[in-house]
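Heads up: the structure comes next, in structure tokens.
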Amino acid sequence: MAQEDNRAYKHVKIKVKSLFIGLIVFVFLMSTAYAQSKLIFSDIDVKVGSRTSKNLDDGDTINDEADPGDAVEFRVEVKNNFTNAEDLDIEGITVEVTIEGIDDGDDLDDESNDFDLRAGRDKRVNIKFQVPIEVDEDTFDVLIHAEGEDENGTDHEVDARLSLEVDKESHKIIITRNTLSPAEISCSRKNVQAGLTAINIGNEDEEDVTVSVSNSDLGIDLEQAVDELTAEPNEDESRFSNTYSFNVPNDAETGSYPILFRVLYDEDRKKAEETATLTVNDCATAAKGTSSTTSSASEEGDVVVISPTTGRTTTAVVEEAPEGATISQEGFFKSNAFVTGIIIAEVVAVIVGIVLVVSLFRRRG
Numbered sequence: 432m433a434q435e436d437n438r439a440y441k442h443v444k445i446k447v448k449s450l451f452i453g454l455i456v457f458v459f460l461m462s463t464a465y466a467q468s469k470l471i472f473s474d475i476d477v478k479v480g481s482r483t484s485k486n487l488d489d490g491d492t493i494n495d496e497a498d499p500g501d502a503v504e505f506r507v508e509v510k511n512n513f514t515n516a517e518d519l520d521i522e523g524i525t526v527e528v529t530i531e532g533i534d535d536g537d538d539l540d541d542e543s544n545d546f547d548l549r550a551g552r553d554k555r556v557n558i559k560f561q562v563p564i565e566v567d568e569d570t571f572d573v574l575i576h577a578e579g580e581d582e583n584g585t586d587h588e589v590d591a592r593l594s595l596e597v598d599k600e601s602h603k604i605i606i607t608r609n610t611l612s613p614a615e616i617s618c619s620r621k622n623v624q625a626g627l628t629a630i631n632i633g634n635e636d637e638e639d640v641t642v643s644v645s646n647s648d649l650g651i652d653l654e655q656a657v658d659e660l661t662a663e664p665n666e667d668e669s670r671f672s673n674t675y676s677f678n679v680p681n682d683a684e685t686g687s688y689p690i691l692f693r694v695l696y697d698e699d700r701k702k703a704e705e706t707a708t709l710t711v712n713d714c715a716t717a718a719k720g721t722s723s724t725t726s727s728a729s730e731e732g733d734v735v736v737i738s739p740t741t742g743r744t745t746t747a748v749v750e751e752a753p754e755g756a757t758i759s760q761e762g763f764f765k766s767n768a769f770v771t772g773i774i775i776a777e778v779v780a781v782i783v784g785i786v787l788v789v790s791l792f793r794r795r796g
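432 is the number of the first residue of the sequence shown in our numbering; add one for each residue after it.
Below, the structure is given as structure tokens:
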């Protein structure tokens, strides 16, 4: 029994010793690898919206929180940390920034163009993202990675991790689509289409939302009630989309009319508004201008012809008659010239016949 216990003890001791040696080797290799890397981050700044956090280090949280739709720019300065005495270039350097899981569970990532650095030199690269409009309120990890290779073929790389916090308002709806089709009208003033899309990007569900499209000068006043827009990003229930039709009065004056798209929410205490411009042209003026153009073309000898089947316009050239000449509308066979020609031909034929008869009688005599 004692022998079995002794054997078990020795076996455990050997395992522990092996694990310890393996750990020491791993730590040594990792420290050696990092000691060999001569590529470092000499400065990291991050601009969120209009605010900038400067001199960030690995493990820091970016000072300013991002809102949905904010621009986030990473300004990363990379340095070749070889000394002039060692004098080795690091070539093909790239910098990659990844914001993990921020886009509906997917990453946002981008990479710089590659570049070279001489010993002791540094270079700043800028990589810019836009926070998705539909995003969770959370803290997201940001990985900044740079790598390159020196002239001897040795790889050099460096990493830094930051944290980006995304903050959302309790109540926030935005309009992402406000369109008119057509956006310019003249004679046809019916069935203008107004398209609207609204999204709840806040932290609270919104009930009793009111959507409207209006312009008082044109008498447009369209309104619709929406029961609820939830606060779940990237879900159908968090957005509303519809298309409305309206007619423009025939007596509306020419000009530009702002069509107002509005969403009222949070018990009508908040609103989202966007406008689209509808241009109204005078139909009569347009028709008059077309008539003048046709008349002018005819005076110059061009006749504008519109095909009744294709609607295409073609131009026929009409040669002008010399001044003082008369152009007959009758056919050639019905003209006076044709009759006169026949009479002359008959007279000539009679004269020729008489001459021949007289000649014949003289020869016989």
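Ideal Cβ placement from N, Cα and C applies to all residues, glycine included. Since we're looking at a predicted model, the values are computed, not measured.
Query                                                                                                                                                                    : Result
What are the boundary residues of the beta strand (DSSP E) that A662 is part of?                                                                                         : Where A662 is concerned, there is no enclosing beta strand (DSSP E), given that its DSSP letter is neither H nor E.
Specify, as a first and last residue, the run of the beta strand (DSSP E) that N609 falls within.                                                                        : I604 to S612
Run through the DSSP bridge pairs and tell me what E508 is partnered with.                                                                                               : D474 and R555
Among the residues of its own chain, which have a CB less than 7 Å from the CB of Q760, if the five just before and after it don't count?                                : Here Q760 scores only 38 on pLDDT, less than 50, and its place in the model is too uncertain to base an answer on.
Return helix, strand or coil for D667, following the three-state DSSP convention.                                                                                        : helix
For the region 518-543, list the beta strand (DSSP E) runs that are entirely contained and at least 3 residues long, ordered along the chain.                            : 521-534 and 537-542
Would you tell me roughly how many angstroms separate the C-alpha atoms of V734 and A683, rounded to the nearest one?                                                    : Bear in mind that the predicted position of V734 carries a pLDDT of just 34, short of 50, making it unreliable; the figure below should be weighed with that in mind. Between V734 and A683, the C-alpha separation is close to 35 Å.
Let's test the definition: count the other Cβ atoms within 10 Å of the Cβ of K599 and tell me whether it reaches 16, buried, or not, exposed.                            : buried
In terms of alpha-carbon separation, which member of P680, F560, Y696 and D658 lies closest to D713?                                                                     : P680
Given a threshold of 16 other Cβ atoms within 10 Å of its Cβ, counted over all protein chains shown, does R555 qualify as buried or as exposed?                          : exposed
Measuring CB to CB, does V642 end up less than 8 Å from L660?                                                                                                            : no
Quick one: is S669 buried, meaning 16 or more other Cβ sit within 10 Å of its Cβ, or exposed?                                                                            : buried
Just how far apart, CA to CA, sit R693 and Q624?                                                                                                                         : 16 Å
Would you check if the region 578-586 and the region 478-494 touch, i.e. whether three or more CB-CB distances between them fall below 8 Å?                              : no
Whose C-beta lies closer than 6 Å to the C-beta of D590 among residues of the same chain, with five residues either side of it excluded?                                 : H576
Does the contact criterion of 3 or more C-beta pairs under 8 Å hold for the region 612-632 versus the region 699-712?                                                    : yes
Should the region 473-480 be regarded as contacting the region 515-527, the criterion being three or more beta carbon pairs within less than 8 Å?                        : no
What does the alpha-carbon distance come out to for the pair D697 and V566?                                                                                              : 20 Å
When DSSP labels each residue in this structure, what does I782 get in the three-state scheme?                                                                           : helix
Quick one: give me the first and last residue of the beta strand (DSSP E) that I630 is part of.                                                                          : V623 to N631
Can you check DSSP and say which residues form a bridge with L595?                                                                                                       : F571
Excluding the 5 residues preceding and the 5 following A662 in the sequence, name in chain order all residues of the same chain whose CB lies nearer than 7 Å to its CB. : N631, G633, N634, E635, D636 and S669
Give me the residue from N673, R700 and V509 with the minimum Cα distance to F546.                                                                                       : V509
Leaving out five residues before and five after T740 in sequence, what residues of the same chain have Cβ atoms less than 8 Å from its Cβ?                               : At T740 the pLDDT is 32, less than 50, meaning the model places this residue with poor confidence and gives no usable figure here.
Below 8 Å on the Cβ atoms is my guess for N609 versus S676; work out the distance and round it to an integer in Å.                                                       : About 15 Å; that fails the 8 Å criterion.
List the endpoints of the continuous beta strand (DSSP E) containing D547.                                                                                               : F546 to L548
Could you work out which residue in E542, I558, T685 and D569 is closest to R801 when comparing CA atoms only?                                                           : In the structure as shown, the chain starts at 432 and stops at 796, and residue 801 therefore has no counterpart that could be examined.
For the beta strand (DSSP E) containing I690, list its first residue and its last residue.                                                                               : G686 to Y696
Near G480, what residues of its chain come up, given a Cβ to Cβ distance below 6 Å and the 5 sequence neighbours on each side ignored?                                   : D501
For the beta strand (DSSP E) containing E704, name the first residue and the last one.                                                                                   : K701 to V711
Looking only at DSSP bridge pairs, what is E635 linked to?                                                                                                               : Answer by DSSP bridge pairing: none, since E635 is not bridged.
Excluding five sequence neighbours on each side, which residues of the same chain lie with their C-beta closer than 8 Å to the C-beta of N767?                           : Because the pLDDT of N767 is 49, which lies under 50, any placement of that residue in the model is unreliable, and the number read from its coordinates should be weighed accordingly. Excluding positions up to five away in sequence, the list is empty.
Can you tell me whether I782 is buried or exposed? The criterion is at least 16 other CB atoms within 10 Å of its CB, across all chains shown.                           : exposed
Please tell me whether, using a cut-off of 7 Å, the distance from the CB of V644 to the nearest non-hydrogen atom of the ligand SAM is below it.                         : In the structure shown, the ligand SAM is absent, as is every other ligand, since no ligand is present at all.
Grab me the residues of S645's own chain with a C-beta within less than 6 Å of its C-beta, minus the 5 sequence neighbours each way, in chain order.                     : I651, D652 and L691
How far does the beta strand (DSSP E) with T483 in it reach, from first residue to last?                                                                                 : R482 to S484
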